[in-house]
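Okay, structure first, notes after.
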Amino acid sequence: MSGLRGSNLLDGGSPFYNIYTCKDGGWMSVGCLEPQFFKVFIELFTKTVPQGFDPACGWKPDASTQFQRDEWPKLAEYLTKGFLTHSRDFWAAIYHGAWYSTWNK
């Protein structure tokens, strides 16, 4: 790792390894480093944000976005604003058990 704190993979620099505030002030921790987990995470996330949600003017993340560092600012904005659309308990319910099928493939 190099660079300033908050610019690296595991110190909050990557949007898929960070903590986000939810609509009710609760927090969601995201830590999906492995591509198969990021794929499940981002597919559920993009399906769950409200219809018409478009904080990045038409840009929408997918599984290929994970390691495209030049896309990280857009991904961070998308996740930051997306988590604010629902409560922490709502998001927890969406992701509860989601990893089970990924682990058992």
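For what it's worth, my numbering labels the leading residue of the sequence shown as 69, then goes sequentially. Built from N, CA and C at the ideal position, the CB exists for glycine as well. Being a predicted model, the structure only gives us computed values, none of them experimental.
Query, Result
"8 Å contact criterion, which C90 and L152 should meet: CB distance rounded", "7 Å"
"Three-way DSSP call (helix, strand, coil) for T89 in this model", "strand"
"Of the residues G126, A144, R156 and W95, the one placed nearest I110, counting alpha carbons only", "A144"
"Residue interval of the beta strand (DSSP E) (run including W127)", "Per DSSP, W127 belongs to no beta strand (DSSP E) and is neither H nor E."
"Beta-carbon proximity list for G94, same chain, < 6 Å, skipping 5 on both sides", "R156"
"Burial state of L147 (16 or more Cβ within 10 Å)", "buried"
"T116 versus W127, N86 and W159, residue with shortest Cα-Cα distance", "W159"
"DSSP state of V117 mapped onto helix, strand, coil", "coil"
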